[in-house]
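Novice: So for the sequence shown, our numbering puts the first residue at -1; every next one is plus one.
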Amino acid sequence: LLLFVASNITAADFTVIDDKFNSYYYDLELRGLVEPASLYGPLTYRQYQSIPDSTRETSISHYRELGLPFSGSEQMRLFGQVEAQLLKNKNKLSTVGEFHGGMLLGSGRWSSAAVYEGISGDDLSSNYYGYQWRGVKAKTGQVYVRWSGDKSFFQIGKDQINCGLGLTLSGRDPYENIQGGVTLGDHLKLYGFVGKLDGWLKDSVFVNRYLAGHRAEISFPPFQLGFNEYVIYGGPGRNVELYYLIPLYLYQGEQINRQFDDNVIWNADFKIVKPPFRLSGEVTIDDFQIERKTAGDQEPTEAGFGLQADWAVISSPCFVTTSLSYRMITGWTYNQSKDWNRFLFESQPIGSEEGNDFDRLSWKLTANSSAWIGSAEVFYKRKGQGSIEDPWTEPWAHDSTWHETFPTGVVEKTLGCQINLEWQTTVIKILNQNRLMNVFGLWRYENSQNYDNISGQNRSQWLAGLGLGFSFSQGIINF
């Protein structure tokens, strides 16, 4: 969340989780047309308002603006997006319908959002872990109240939070949280949050789970550096701890002094933006043994690393950007002896979707024009047998000859590619407003050796999709 204000920017603000807008904003950042965004996110509507008028008047910005349901006016708005698509893989043809929409309210420095999502049919492109009724799946996407000052913000409700390259905190799934941030001077920003994750019954006692974090971000353009500390804690009968709620505490010291075995992660990220180039990276440390005196001290290093380089190849008449990235996380990272302290939410990794015990190298080409959005990606991934959900067996403590390889065990190796293409246009006017229609398609192919970590088992698979979408937004009450 970038906390700067121009004179023409409204006080009310909203978080923006639209992938197309985010891609467009980062394209502008790479070309020096907007202020570099913080690596703490998601982005906000205030950042869109900071885009220079000369850029917003271009045809590329026109369609991105129509795709955003927000308004600088003090009003209540309704918005929605409906999509229907056909998905086909080797074994099945599926029809899928999706809805995303709700209500937005902005008045003064206060804003509120209530966003809901629904899916019908078999979505072959993702794993849905919620409840399903007669082929319909639905959930609450975002529900929050937010106060936005000139150099600070405070928000309570359900929303996404992401940081760095997403190794530890990806922001894929929203959860209930309280968060805030403040800008001190010209070069320092502080952020903090605490949220409640899913819990469960264990031996007839409900287990609570919480995720807290704080961040210090230093900016000396073109360089940005962030230091983060995250903790997952909980257990039977345990509630929110005040020392994890106040972001000035050092989590690692508090959990040691209070003799709790909470799962603390240290993390750092950076970004250098020098148009037309951008370099960003992230390092995360779960456990690092300094002393090697006992068998228990032989625990392997649990850490992750990511690096990404972006280059604005073409800036007119369209944006063409190429990206090269590498990400890796060792085995046992994000895992722990207490199952409630693992970095999982609704059985899904909170960070990288692969979890741990993997590395991934990818090259991607994206293009943004007035009506077209396209991307092509080639990747190579290795996935070991380790998982965040694995039992905490501590083999290093029981076998002096044990040593860890990376990735571990039988390694699944996957070479794949994916192509996405979308065309946008305005269709008809409803209530004097242009409504946006989009036609989109995807094609993905993967070839895996040792599929599912079974030696000698090979598999090739593909997925193709074609869809049609329609979006609208309308103010209904002005204040």
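For glycine and all other residues, C-beta sits at the position ideal for the given N, C-alpha and C.
Let me confirm a value: G434 is counted as buried when at least 16 other C-beta atoms fall within 10 Å, else exposed. Which label applies?
Specialist: Looking up residue 434 in the sequence shown gives position 436. What sits at residue 434 in the sequence shown is Leu, not Gly. Buried.
Novice: Taking Cβ positions, are L322 and A307 nearer each other than 8 Å?
Specialist: Position 324 of the sequence shown, counted from the start, is the residue given in the question as residue 322. Position 309 of the sequence shown, counted from the start, is the residue given in the question as residue 307. Taking a C-beta distance under 8 Å as the contact criterion, L322 and A307 qualify as a contact pair.
Novice: Check whether the Cβ atoms of V192 and V262 lie closer than 8 Å to each other.
Specialist: On the sequence shown, position 194 is the one that residue 192 refers to. On the sequence shown, position 264 is the one that residue 262 refers to. Between V192 and V262, the C-beta spacing is not below 8 Å.
Novice: Do you know how far the Cα of M326 is from the Cα of G211?
Specialist: For the purposes of this step, residue 211 is taken as residue 213 along the sequence shown, with counting starting at 1. For the purposes of this step, residue 326 is taken as residue 328 along the sequence shown, with counting starting at 1. Cα-Cα distance, rounded: 22 Å.
Novice: Is the separation between the beta-carbon of S372 and that of N418 shorter than 8 Å?
Specialist: Here residue 372 corresponds to residue number 374 of the sequence shown, with the count starting at 1. Here residue 418 corresponds to residue number 420 of the sequence shown, with the count starting at 1. The residue asked about is misnamed: residue 372 is Gly in this sequence, not Ser. Their beta carbons are under 8 Å apart, which means G372 touches N418 by this criterion.
Novice: Look at the Cβ atom of G78, then the Cβ atom of F97, and state whether they are nearer than 8 Å.
Specialist: Here residue 78 refers to the residue found at position 80 of the sequence shown. Here residue 97 refers to the residue found at position 99 of the sequence shown. Cβ distance < 8 Å, so G78 and F97 count as in contact.
Novice: Hey, how far is the Cα of L0 from the Cα of W370?
Specialist: As a first step, residue 0 is located in the sequence shown; it is residue number 2 there, counting from the start. As a first step, residue 370 is located in the sequence shown; it is residue number 372 there, counting from the start. Low per-residue confidence applies at L0: pLDDT is 34, beneath 50, and the placement is therefore not dependable, though the value from the model is reported in the following sentence. The straight-line gap from Cα to Cα measures roughly 28 Å.
Novice: Closest by CA to T56, which one among P315, C161, D285?
Specialist: For this step, residue 56 is matched to residue 58 along the sequence shown. Per the Cα distances, P315.
Novice: Could you tell me if S168 is buried or exposed, where buried requires 16 or more neighbouring beta carbons within 10 angstroms of its beta carbon?
Specialist: Along the sequence shown, read from residue 1 onward, the residue named residue 168 stands at position 170. Buried: at least 16 other Cβ atoms inside 10 Å.
Novice: Identify which residue in I117, Q73, G104, S69 has its Cα closest to the Cα of S92.
Specialist: Here residue 92 corresponds to residue number 94 of the sequence shown, with the count starting at 1. The shortest Cα separation from S92 among I117, Q73, G104, S69 belongs to I117.
Novice: Is A112 near G95, with beta carbons less than 8 Å apart?
Specialist: Here residue 112 is taken as the residue at index 114 of the sequence shown, counted from 1. Here residue 95 is taken as the residue at index 97 of the sequence shown, counted from 1. No, these two residues do not count as a Cβ contact at 8 Å.
Novice: Which same chain residues, not among the five before or five after G179, have their C-beta less than 8 Å away from its C-beta?
Specialist: Translated into the one-based positions of the sequence shown, residue 179 becomes position 181. Within the same chain, G179 has close Cβ partners L(-1), L1, Y38, S150, F151, K187, L188, Y189, G190.
Novice: So what's E63 in DSSP terms, helix, strand or just coil?
Specialist: In the sequence shown, residue 63 corresponds to position 65, counting from 1. Three-state DSSP puts E63 in a helix.
Novice: Check whether the region 14 to 21 and the region 255 to 275 are in contact - that is, three or more C-beta pairs closer than 8 Å.
Specialist: No: the two stretches stay apart, fewer than three of their Cβ pairs being nearer than 8 Å.
Novice: Does DSSP classify L0 as helix, strand or coil?
Specialist: Here residue 0 refers to the residue found at position 2 of the sequence shown. Low local confidence applies: a pLDDT of 34 at L0 is under 50, so the model's placement there is unreliable, and no value is given.
Novice: Compute the Euclidean distance between the alpha carbons of A136 and D397, then round it to the nearest angstrom.
Specialist: For the purposes of this step, residue 136 is taken as residue 138 along the sequence shown, with counting starting at 1. For the purposes of this step, residue 397 is taken as residue 399 along the sequence shown, with counting starting at 1. Each residue's alpha carbon lies about 48 Å from the other.
Novice: Identify which residue in N366, L363, D355, G302 has its Cα closest to the Cα of T166.
Specialist: If you number the sequence shown from 1, residue 166 lands on position 168. Closest by alpha carbon: G302.
Novice: Count the other CB atoms within 10 Å of the CB of P40; is the residue buried (16 or more) or exposed (fewer)?
Specialist: Walking along the sequence shown from the start, residue 40 turns up at place 42. It is buried - the Cβ of P40 has at least 16 other Cβ atoms within 10 Å.
Novice: Starting from the C-beta of S469, find all residues in its chain whose C-beta is less than 6 Å away, skip the five residues before and the five after it, and write them out in chain order.
Specialist: Here the question's residue 469 lines up with position 471 in the sequence shown. So the qualifying residues of the chain are Q79, L434.
Novice: Excluding the 5 residues preceding and the 5 following S5 in the sequence, name in chain order all residues of the same chain whose CB lies nearer than 8 Å to its CB.
Specialist: Your numbering for residue 5 matches position 7 in the sequence shown. The predicted model places S5 with a pLDDT of 37, which falls under 50 and marks its position as unreliable; any figure quoted below should be read in that light. Once the five neighbours on either side are set aside, S5 has no close Cβ partner at all.
Novice: Once you ignore the five residues that flank I176 on each side, which residues in its own chain have a CB closer than 6 Å to its CB?
Specialist: Translated into positions along the sequence shown, residue 176 becomes position 178. The residues are I154, V192.
Novice: In this structure, how does DSSP classify W394 when only helix, strand and coil are distinguished?
Specialist: By 1-based counting over the sequence shown, the position of residue 394 is 396. Note: W394 maps to helix in three-state DSSP.
Novice: So the candidates are R132, S368, F356, D388; which of them puts its Cα closest to the Cα of N333?
Specialist: As a working mapping, residue 333 is identified with position 335 in the sequence shown. N333 has its Cα closest to that of D388, out of R132, S368, F356, D388.
Novice: Check G382 in the structure and name its three-state DSSP category.
Specialist: Stepping through the sequence shown from its first residue, residue 382 is reached at position 384. Residue state, collapsed to three classes: coil.
Novice: I'd like to confirm the pairing. Which residues does DSSP put opposite N261 in its beta bridges?
Specialist: In the sequence shown, counting from the first residue as 1, residue 261 sits at position 263. DSSP, once it has assigned bridges, lists I230 as partnering N261.
Novice: Is I49 buried or exposed, if buried means 16 or more other CB atoms sit within 10 Å of its CB?
Specialist: Walking along the sequence shown from the start, residue 49 turns up at place 51. That one is buried.
Novice: Which residue wins for smallest C-alpha separation from F19, given the options E33, A10, Y43?
Specialist: Translated into positions along the sequence shown, residue 19 becomes position 21. Looking at the Cα atoms, Y43 is the closest of the given residues.
Novice: Bridge partners for Q347 per DSSP, in chain order?
Specialist: Here residue 347 is taken as the residue at index 349 of the sequence shown, counted from 1. It is worth fixing the name first, because residue 347 is Pro in this sequence and not Gln. P347 pairs with L342.
Novice: Determine the contact status of N366 and T328, defining contact as a CB-CB distance below 8 Å.
Specialist: Here residue 366 corresponds to residue number 368 of the sequence shown, with the count starting at 1. Here residue 328 corresponds to residue number 330 of the sequence shown, with the count starting at 1. Not closer than 8 Å, so no.
Novice: Grab me the residues of A35's own chain with a C-beta within less than 8 Å of its C-beta, minus the 5 sequence neighbours each way, in chain order.
Specialist: Working through the sequence shown from its first residue, we reach residue 35 at position 37. Excluding residues within five positions, the ones whose Cβ falls inside 8 Å are L0, Y23, Y24, E27, L41, Q45.
Novice: How is D337 classed by DSSP in three states: helix, strand or coil?
Specialist: The residue you call residue 337 lines up with position 339 of the sequence shown. D337: helix per DSSP, three-state reduction.
Novice: Hey, out of A395, E402, E375, F377, whose CA is closest to G384's CA?
Specialist: Position 386 of the sequence shown, counting from 1, holds the residue named residue 384. Nearest C-alpha to G384: E402.
Novice: Could you give the residue range of the beta strand (DSSP E) that holds F19?
Specialist: Taking the sequence shown and counting its residues from 1, one reaches residue 19 at position 21. Premise fails: F19 lies in the alpha helix (DSSP H), 17 to 28, not in any beta strand (DSSP E).
Novice: Going by alpha carbons, who is nearest to L103 out of N226, Q47, K86, Q73?
Specialist: Position 105 of the sequence shown, counted from the first residue, corresponds to residue 103. The shortest CA-to-CA distance from L103 to any of N226, Q47, K86, Q73 is the one to Q73.
Novice: To which residues of the same chain is R144 closer than 6 Å at the C-beta, ignoring the five residues directly before and after it?
Specialist: For the purposes of this step, residue 144 is taken as the residue at position 146 of the sequence shown. These residues qualify, in order along the chain: S109, Q153.
Novice: Could you name the residues of the same chain whose beta carbon sits closer than 7 Å to that of Q459, not counting the 5 residues immediately before and after it, in chain order?
Specialist: Taking the sequence shown and counting its residues from 1, one reaches residue 459 at position 461. Excluding residues within five positions, the ones whose Cβ falls inside 7 Å are N87, K88, E444.
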